[in-house]
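Novice:
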Amino acid sequence: MLGCVRIGTVRQMAQVITGEGSDGRSYVRRAMVELDAPGLAETNGKDGKHPIWNLTPAGQKALADGNELPPRPKAGTGAKAVSAGLGPHAVAVTDTILAYTKTVLGGRREYLTDWQVEVNHAIKETGLSSNTDAVLAVPTKTSEVRLFELDNGTMSQARLAKEVWDYERYAGHRVWEGARGTIGGTYPFWQRHRYTRSTTFPRLHVVLAGKAEHLLDNRLQALSTAVRGITIAV
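Residue numbers (my numbering): 2 to 235.
#1: Determine the direct distance from the alpha carbon of residue 4 to that of residue 92, and round the result to whole angstroms.
#2: Are there 16 or more other CB atoms within 10 angstroms of the CB of residue 187, so buried, or fewer, so exposed?
#3: If distances are taken between C-alpha atoms only, which option among 165, 112 and 158 comes closest to residue 132?
#4: Just the Cα atoms here: how many angstroms apart are residue 148 and residue 97?
#5: List the endpoints of the continuous beta strand (DSSP E) containing residue 186.
#6: What is the DSSP secondary structure of residue 228, counted as helix, strand or coil?
#7: Tell me which residues share the same chain as residue 222 and place their Cβ nearer than 8 Å to its Cβ, disregarding the 5 neighbours each side in the sequence.
#8: Figure out for me which residue from 117, 206, 12 and 85 has the closest Cα to the Cα of residue 150.
#9: Taking 7 Å as the limit between beta carbons, can you name the residues of its chain near residue 16, skipping five residues before and five after?
#10: Going along the chain, which unbroken runs of the alpha helix (DSSP H) with 4 or more residues stay wholly within the region 188-227?
#11: Go through the region 125-170 residue by residue and report every complete run of the beta strand (DSSP E) that reaches 3 residues or more, in order.
#12: Out of curiosity, what's the CA-to-CA distance linking residue 65 and residue 27?
#13: Between which two residues does the beta strand (DSSP E) containing residue 90 stretch?
#14: Taking the beta carbon of residue 203 as the centre, do at least 16 other beta carbons fall within 10 Å, making it buried, or is it exposed?
#15: May I ask which residues mark the beginning and end of the alpha helix (DSSP H) holding residue 35?
#16: Where does residue 216 land, buried or exposed, given buried means 16+ other C-beta within 10 angstroms?
#17: If I measure Cβ to Cβ from residue 212 and keep anything under 8 Å in the same chain, skipping five residues before and after, which residues do I get?
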C-alpha cells in the first residue's frame, strides 16, 4: 500500500489489509515496527496524534526487487512532503484513494496498484507544470484514466480555479509535426506523450474536503462558476 500511495497512517493501512468490521491496527503497528527496524519504513511526522508512515528508499528498492508493483523510477517516498508540513494533505489524498477504491471500484484491493500520487504534468515549451494529487489508470480495454485534485480546505478559491484551468491548458496544447516545407499537421500533446491509449482527455475529479458541509457547497458553487465554459470533463 505504501508503495502505491507513499504515505499512510495505521488506521488507513488497517482499513486495507484487514477484513470488514475487524480492527487490525494493533497488527499494523507491530508490522510497521518490524519494517522500521531494518530501515525499510519510517515515520517523519504526525496527523494529529497519529504517526504518518512511509517507505524508505531501501523499502522502495525491496518492493521493486520483488516485482510487486509496476516500475516507478522517479517516485519519491513522501518523507519530504511530511517533513515540510504537508502531511495532513497527503493523508487526505490517501483517504480519497481509499474511499474511491471502496465505493466506485467495489472495494477491490488489487486496484490500489493502479494508483499513482504526485504525477507531474508539464509542457516545457509553455512553462506549464503541475502535480496531480492522484491518478488512477485501470487497465481496461478503454484504458480508463481519472485525475484527482484535492482541496483540503486550505486553498483559495482563485488558486483552485486556476489549477482546473491549467488542466484545460494542458489538454488543449497541440504540437505541430511535419517535414520542412510541407503543410504538416498538429496533434494533442497529452495523447502522444502521456495518455497514449485514451481517446479523450481523462476526467478530472476535484475533491473538496476539510470544511463544514454548507461551506463545501458554497465552494463548489463558486468553483463551478469560475470554470464555466471549460471543455475538459470535470
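C-beta atoms are modelled at their ideal positions from N, C-alpha and C, and glycine is treated no differently.
It should be emphasised that the depicted structure is a prediction, and the values quoted were computed from it without experimental measurement.
Specialist: In short, the structure shows the following:
#1: 14 Å
#2: exposed
#3: 165
#4: 12 Å
#5: 186-189
#6: coil
#7: none
#8: 206
#9: 99
#10: 190-194 and 214-227
#11: 129-139 and 145-152
#12: 27 Å
#13: Unbroken run through residue 90 is the alpha helix (DSSP H), 88-104; no beta strand (DSSP E).
#14: buried
#15: 26-37
#16: exposed
#17: 154 and 220
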